[in-house]
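Enquirer: Can you read through this structure? Questions will come right after.
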Amino acid sequence: MDAIRTHDLSKSYDAKLALAGVNLRVPAGSLFGFLGPNGAGKTTTIRILLGLLRASDGTAEVLGRDAWQQGPALRADVGYLPGDVRFHEHMTGRATLRFLDAVRGGRSGPEIERLARRLDLELDRRIRDYSRGMKQKLGLIQALMHRPRLIILDEPTTALDPLVRQTLYELLREAQGAGRTVLFSSHTLSEVAELCDRVAILRDGLLIEQDRIATLRERAVRHVEVRFRAGTARPPAPAGLRCATREDERLSATWVGTVQPLLAWLATCAVEDVTIGAPNLEDLFLAYYSTAGAAAEVRP
Amino acid sequence: MSVAVAVRTWRDSWRLVVLLPLAIVVFELLLVRALGEMPAEAAAWLDRPFFKPFLRMLLGADLAESFTATGLMTLGFAHPFLFAVTWIVPLTICTRVTVGEMERGTADLLLTLPLSRAAIYISTSVIWALAGLALCAAPFLGVWLGLRLFPLWEPVDLGRLRILIVNLLALYLSIGGVTMLVGSIVSRRGAAIAVVLTGLLASFLLNYLATLWAAIEWLAMFGPLHYYKPLQCIRPDHSLSQDVAALATVGLLAYLGGLWRFCHRDVPAA
Chain V
28 MDAIRTHDLS KSYDAKLALA GVNLRVPAGS LFGFLGPNGA GKTTTIRILL GLLRASDGTA
88 EVLGRDAWQQ GPALRADVGY LPGDVRFHEH MTGRATLRFL DAVRGGRSGP EIERLARRLD
148 LELDRRIRDY SRGMKQKLGL IQALMHRPRL IILDEPTTAL DPLVRQTLYE LLREAQGAGR
208 TVLFSSHTLS EVAELCDRVA ILRDGLLIEQ DRIATLRERA VRHVEVRFRA GTARPPAPAG
268 LRCATREDER LSATWVGTVQ PLLAWLATCA VEDVTIGAPN LEDLFLAYYS TAGAAAEVRP
Chain B
57 MSVAVAVRTW RDSWRLVVLL PLAIVVFELL LVRALGEMPA EAAAWLDRPF FKPFLRMLLG
117 ADLAESFTAT GLMTLGFAHP FLFAVTWIVP LTICTRVTVG EMERGTADLL LTLPLSRAAI
177 YISTSVIWAL AGLALCAAPF LGVWLGLRLF PLWEPVDLGR LRILIVNLLA LYLSIGGVTM
237 LVGSIVSRRG AAIAVVLTGL LASFLLNYLA TLWAAIEWLA MFGPLHYYKP LQCIRPDHSL
297 SQDVAALATV GLLAYLGGLW RFCHRDVPAA
């Protein structure tokens with residue numbers, strides 16, 4: 028079952044198209060990365076899922092319910108951290124959480140305390156005295172405190188120090204372990220690659236990829252360096268080996284996919300030295316982000 | 057309707073809702089004391105060139121023509137301080153959620169709670185309506201208290217004065233309804249307040265100009281203050297229902313229009 032499912036989701040502001048026919052599938056229980064450069068349409072998609080924006084076309088279902096028509100009912104099971112979370116500055120952190128909890132039924136008291144301890148946040152100070160990182164922690168607590176089935180986080184690590192970031196990753200892994208779904212929006216590949224098991228990539232309002240991270244890794248580019256023994260004959264290189272430079276007996280190339288054919292070919296050559304790099308997701312994602320790369324990789 | 061949202065709106069607004077009616081009561085009390093001191097002098101300045109049209113504009117009729125203690129007390133329901141207060145409260149409360157939270161970016165959390173937007177809109181309105189009851193009853197309470205402490209030269213018909221609460225409440229609710237509508241349309245709180253305030257000031261000025269220039273009297277009927285006539289209301293032959301109906305209709309339609317718009321509007325990232 029999918030926790031989130033959109034069908035040809037589109038959104039335009041006046042003449043500008045922000046989303047163009049997005050078909051997103053977020054399986055229940057997954058830790059799902061939502062990647063894309065700034066302005067790609069990630070926040071617009073999230074806001075449609077939460078009923079803050081109305082889609083111009085297409086449908087969006089969250090936890091089996093229509094995001095616009097059945098918003099109040101589905102939001103009971105959703106925790107959301109906005110990209111730029113804002114609070115009433117004159118209230119204390121505790122009063123803010125108490126208010127949000129009261130609207131949700133008032134059952135989150137112990138969880139609020141637990142999360143505040145985990146994230147090391149003092150709740151009895153006024154929010155105007157909080158640093159940006161503390162406000163972000165407060166935003167995380169309000170998103171997690173009611174143990175929602177679906178957690179939607181828009182750029183959640185902004186302003187968090189590395190230690191708190193690790194605590195957040197732990198909390199999200201625990202949530203996933205408990206069968207909950209996490210949609211983790213970010214423009215930073217490294218944190219998505221570290222945390223998530225699946226990813227969708229959005230660029231210019233188009234969904235250009237969604238798959239398991241492991242599958243993407245298989246499609247990522249490896250850098251290959253080979254030094255052949257001088258004066259030896261070499262059988263033709265397998266298809267897929269893209270030669271970058273060739274100088275005397277040295278070959279510098281890239282390889283995409285499983286390494287078996289490459290190793291089989293190398294075994295038939297007289298090789299003095301070989302280096303095969305780890306799959307480089309960064310290159311793959313940069314290719315997706317760039318116009319030319321995206322055009323080559325877009326899947327139907 | 058969400059009790060939690062209503063309680064929070066109350067916590068954010070209680071100073072206005074409690075202190076301003078108290079200020080009105082004190083002001084009315086002092087006004088009664090001042091008017092009781094100078095009935096003879098008052099009659100003289102009521103006929104002066106500036107005051108006569110000004111008072112006619114405020115009260116809806118010539119005070120000098122029916123100079124009684126009850127008539128004089130209608131001043132307590134039509135002074136600029138009361139107008140200012142009855143404008144400030146709806147402008148403040150009615151723009152708080154519809155546009156203020158969106159401008160600040162705090163609407164993201166509020167509108168992603170398991171509440172319908174209609175529930176949020178109505179919960180805010182409850183506090184605005186309760187504030188209206190307190191504010192509109194305050195002038196009567198102040199006059200009543202003032203008359204007990206400082207009786208005038210003749211008895212005042214408090215029964216006639218009491219119906220002014222209805223006219224004032226209808227005016228207050230129509231201003232609030234229009235403010236809710238404007239707040240649901242625009243994206244900046246300052247703009248919402250400016251639009252409504254401009255309309256009210258225009259109505260105020262048109263009412264004044266209409267007392268001097270009969271040719272533009274028809275224009276004044278497009279402003280809400282045209283339907284608030286305290287001195288006419290206390291006359292036994294005057295029916296309040298038309299003015300109240302006009303104000304209530306505009307207020308209700310604007311309020312419902314605002315509700316529809318608020319429920320359907322896009323909330324972009326702040």
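As given, the protein sequences belong to chains V and B, one line each in that order. Going by this note's numbering, the letters in the first sequence line up with residues 28 to 327, in that order. Going by this note's numbering, the letters in the second sequence line up with residues 57 to 326, in that order. Idealized CB from N, CA, C, for every residue including glycine. Computed from a predicted structure; not experimentally measured.
Starting from the Cα of residue 265/B, find the closest Cα among 152/B, 111/B, 298/B and give me that residue.
Expert: Indexing the second sequence from 1 puts residue 265/B at position 209. Ranking the options by Cα distance to residue 265/B, first place goes to 111/B.
Enquirer: With residue 291/B as the anchor, note down where its beta strand (DSSP E) starts and where it stops.
Expert: In the second sequence, counting from the first residue as 1, residue 291/B sits at position 235. Counting along the chain, residue 291/B falls outside any beta strand (DSSP E), and DSSP gives it neither H nor E.
Enquirer: For a test of your reading of the model: does the CB of residue 245/V fall under 6 Å from any non-hydrogen atom of the ligand HEM? Yes or no.
Expert: This structure does not include the ligand HEM; it has no bound ligands of any sort.
Enquirer: In angstroms, rounded to a whole number, what distance separates the CA positions of residue 58/V and residue 281/V?
Expert: Here residue 58/V refers to the residue found at position 31 of the first sequence. Here residue 281/V refers to the residue found at position 254 of the first sequence. Approximately 30 Å, taken between the alpha carbons.
Enquirer: Nearest to residue 285/B by alpha carbon, out of 248/B, 184/B, 162/B, 219/B?
Expert: If you number the second sequence from 1, residue 285/B lands on position 229. Comparing Cα positions, the closest option is 219/B.
Enquirer: Quick check on the DSSP output: the beta strand (DSSP E) that includes residue 270/V runs from which residue to which?
Expert: For this step, residue 270/V is matched to residue 243 along the first sequence. Unbroken beta strand (DSSP E) run through residue 270/V: 269-274.
Enquirer: Classify residue 173/V: buried if its beta carbon has 16 or more other beta carbons within 10 angstroms, exposed otherwise.
Expert: The sequence position of residue 173/V within the first sequence is 146, counting from 1. Buried.
Enquirer: Let me know if residue 164/V comes out buried or exposed under the rule of 16 or more other beta-carbons within 10 Å of its beta-carbon.
Expert: Residue numbering aside, residue 164/V sits at position 137 when the first sequence is read from its first letter. Per the 10 Å Cβ criterion, buried.
Enquirer: When the cut-off is 7 Å and only beta carbons count, does residue 152/B lie next to chain V?
Expert: The residue you call residue 152/B lines up with position 96 of the second sequence. Not an interface residue.
Enquirer: Could you run through the region 154-175 of chain B and flag, in chain order, every residue whose CB is less than 7 Å away from some CB of chain V?
Expert: Here the close residues are 160, 161, 162, 164, 165, 167, 168, 169, 170, 171, 172.
Enquirer: Contact criterion: CB-CB distance below 7 Å. Does residue 79/V meet it with respect to chain B?
Expert: For this step, residue 79/V is matched to residue 52 along the first sequence. Yes, residue 79/V lies at the interface with chain B (some Cβ there is under 7 Å from its Cβ).
Enquirer: Expressed to the nearest angstrom, what Euclidean distance is found between the alpha-carbon atoms of residue 75/V and residue 81/V?
Expert: Taking the first residue of the first sequence as position 1, residue 75/V is located at position 48. Taking the first residue of the first sequence as position 1, residue 81/V is located at position 54. Cα-Cα distance, rounded: 6 Å.
Enquirer: Tell me the start and end of each unbroken alpha helix (DSSP H) in the region 220-300 of chain V that is at least 4 residues and wholly inside, in chain order.
Expert: DSSP runs (the alpha helix (DSSP H)) wholly in the region 220-300 of chain V: 240-246, 287-294.
Enquirer: Would you report the Cα separation of residue 149/V and residue 60/V, rounded to the nearest angstrom?
Expert: Along the first sequence, one-based indexing puts residue 149/V at 122. Along the first sequence, one-based indexing puts residue 60/V at 33. Straight-line Cα distance between these residues: approximately 30 Å.
Enquirer: Determine the closest residue to residue 114/B out of 278/B, 135/B, 66/B, with distance taken between C-alpha atoms.
Expert: Locating residue 114/B in the second sequence gives position 58, where the first residue counts as 1. Out of 278/B, 135/B, 66/B, 135/B has the C-alpha closest to the C-alpha of residue 114/B.
Enquirer: Beta-carbon separation of residue 283/B and residue 142/B under 7 Å?
Expert: Indexing the second sequence from 1 puts residue 283/B at position 227. Indexing the second sequence from 1 puts residue 142/B at position 86. No. Outside cutoff.
Enquirer: On the DSSP bridge assignment, give the partners of residue 34/V in chain order.
Expert: Mapped onto the first sequence, residue 34/V falls at position 7. DSSP, once it has assigned bridges, lists 86/V as partnering residue 34/V.
Enquirer: In angstroms, rounded to a whole number, what distance separates the CA positions of residue 133/B and residue 319/B?
Expert: Your numbering for residue 133/B matches position 77 in the second sequence. Your numbering for residue 319/B matches position 263 in the second sequence. In a straight line, the C-alpha of residue 133/B is about 36 Å away from that of residue 319/B.
Enquirer: Given that residue 323/B touches chain V, what residues does it touch there, using C-beta distances under 8 Å?
Expert: In the second sequence, counting from the first residue as 1, residue 323/B sits at position 267. Chain V residues near residue 323/B: 74, 79, 80.
Enquirer: Determine, using beta carbons only, whether residue 77/V and residue 151/B come nearer to each other than 7 Å.
Expert: For the purposes of this step, residue 77/V is taken as residue 50 along the first sequence, with counting starting at 1. For the purposes of this step, residue 151/B is taken as residue 95 along the second sequence, with counting starting at 1. No, Cβ-Cβ distance for residue 77/V and residue 151/B is not below 7 Å.
Enquirer: Can you tell me whether residue 303/B is buried or exposed, with buried defined as 16 or more other CB within 10 angstroms of its CB?
Expert: To locate residue 303/B, count along the second sequence from 1; it is residue 247. Answer is buried; the Cβ neighbour count reaches 16.
Enquirer: So what does DSSP say about residue 49/V, is it helix, strand or coil?
Expert: Stepping through the first sequence from its first residue, residue 49/V is reached at position 22. If DSSP states are grouped into helix, strand and coil, residue 49/V belongs with the strands.
Enquirer: Using a C-beta to C-beta distance shorter than 8 Å, which residues of chain V count as neighbours of residue 60/B?
Expert: Here the question's residue 60/B lines up with position 4 in the second sequence. Those are 126, 129, 130, listed as they occur along chain V.
Enquirer: Under DSSP, the alpha helix (DSSP H) around residue 71/V begins and ends at which residues?
Expert: One-based indexing of the first sequence puts residue 71/V at position 44. Looking at the DSSP string, the run of the alpha helix (DSSP H) that includes residue 71/V is 69-76.
Enquirer: At the level of alpha carbons, what is the spacing between residue 323/V and residue 50/V?
Expert: Here residue 323/V corresponds to residue number 296 of the first sequence, with the count starting at 1. Here residue 50/V corresponds to residue number 23 of the first sequence, with the count starting at 1. For residue 323/V, the predicted structure reports a pLDDT of 38, less than 50, and the residue's modelled location is therefore unreliable. A value from the coordinates is still provided. Approximately 19 Å between the Cα atoms of the pair.
Enquirer: How many angstroms separate the CA atom of residue 119/V from the CA atom of residue 258/B?
Expert: If you number the first sequence from 1, residue 119/V lands on position 92. If you number the second sequence from 1, residue 258/B lands on position 202. Their backbone Cα atoms lie some 41 Å apart in a straight line.
Enquirer: Quick one: is residue 31/B near chain V, going by C-beta distance under 7 Å?
Expert: No answer is possible for residue 31/B: the residues shown for chain B start at 57 and end at 326.
Enquirer: Nearest-angstrom Cα distance between residue 96/V and residue 103/V?
Expert: Locating residue 96/V in the first sequence gives position 69, counting from the first residue. Locating residue 103/V in the first sequence gives position 76, counting from the first residue. Straight-line Cα distance between these residues: approximately 14 Å.
Enquirer: In three-state terms, what does DSSP make of residue 285/B?
Expert: Numbered from 1 along the second sequence, position 229 holds the residue referred to as residue 285/B. In the structure shown, residue 285/B sits in coil (DSSP, three-state: anything other than H, G, I, E or B).
Enquirer: Using CA atoms only, rank isn't needed, just tell me which of 166/V, 194/V, 144/V is closest to residue 222/V.
Expert: By one-based count along the first sequence, residue 222/V stands at place 195. Closest option to residue 222/V, Cα to Cα, is 194/V.
Enquirer: Check whether the Cβ of residue 71/B lies closer than 7 Å to any Cβ atom in chain V.
Expert: Mapped onto the second sequence, residue 71/B falls at position 15. No, no contact with chain V.
Enquirer: Helix, strand or coil: which one does DSSP assign to residue 213/V?
Expert: Indexing the first sequence from 1 puts residue 213/V at position 186. In the structure shown, residue 213/V sits in a strand (DSSP, three-state: E or B).
Enquirer: Excluding the five sequence neighbours on either side, which residues of its own chain have a C-beta within less than 8 Å of the C-beta of residue 317/B, listed in chain order?
Expert: Here residue 317/B corresponds to residue number 261 of the second sequence, with the count starting at 1. Here the set comprises 237, 240, 241.
Enquirer: Who are the near neighbours of residue 47/V in its chain, counting only those whose CB is closer than 6 Å to its CB and skipping five residues on each side?
Expert: For this step, residue 47/V is matched to residue 20 along the first sequence. The answer, listed in chain order, is 37, 232, 233.
Enquirer: Throw me the rounded Cβ distance for the residue 33/V and residue 87/V pair, which I believe falls under 8 Å.
Expert: Taking the first residue of the first sequence as position 1, residue 33/V is located at position 6. Taking the first residue of the first sequence as position 1, residue 87/V is located at position 60. At roughly 5 Å, the Cβ-Cβ gap stays under 8 Å, so residue 33/V and residue 87/V are in contact.
Enquirer: Does the contact criterion of 3 or more C-beta pairs under 8 Å hold for the region 260-278 of chain B versus the region 186-202 of chain B?
Expert: No: the two stretches stay apart, fewer than three of their Cβ pairs being nearer than 8 Å.
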